[in-house]
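Number 17 in the UniProt record's numbering belongs to position 17 of the sequence shown; there are no gaps in the numbering.
Heads up, the beta-carbon is just placed ideally off N, CA and C, and yes, glycines get one too.
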Amino acid sequence: MASAIWDTVLSISEYIPLISAPPKNRHIHHHHTASAPSLLTSAPDMRLFAISLGAYGSHKLRDNLSISERRRLAFETGNRYHLIHSLGLVAACRSTYPKVTAAIFLGGIILFCGPCYHYAITGREESRQVTPLGGILLILGWLSLCL
């Protein structure tokens, strides 16, 4: 988990200078790197993953009486945000800085939804400390679409 967080932070920080100096005209910047295709094509994978996890949660968590209502709600919240922000990944392809926007959304999904899923399934709360950072990244992802 820690290495995934660190990799996300490094990926996002690599593009921060691009965010601070938006172009005067609305031109989409494409930088040819190996990571760009994997970020921009991750949207269908993320939607599929969100739908699969939603099906898992609705069948496994709903019927398990040892799972508290709080954990069920955490799962539902994580799944809803996962699916909604996967659509942000689709929209990232049309943004001025598609790789930056996709990286921000992907980081937000991992850091917000991941801990929600982890807590709901395991009952362990230590990973929930990064959830606010994930929420901030999700907000920044939508703001990045406005650039």
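Taking the Cα positions, Trp142 is about 7 Å away from Gly88. Spanning the alpha carbons of Cys113 and Thr96 requires a straight line of approximately 26 Å. Secondary structure at Gly135: helix, using DSSP grouped into helix, strand and coil. Leu65 sits in coil when the DSSP states are folded into three classes, being neither helix nor strand. Here Leu53 is not near Tyr119, since their CB atoms are 8 Å or more apart.
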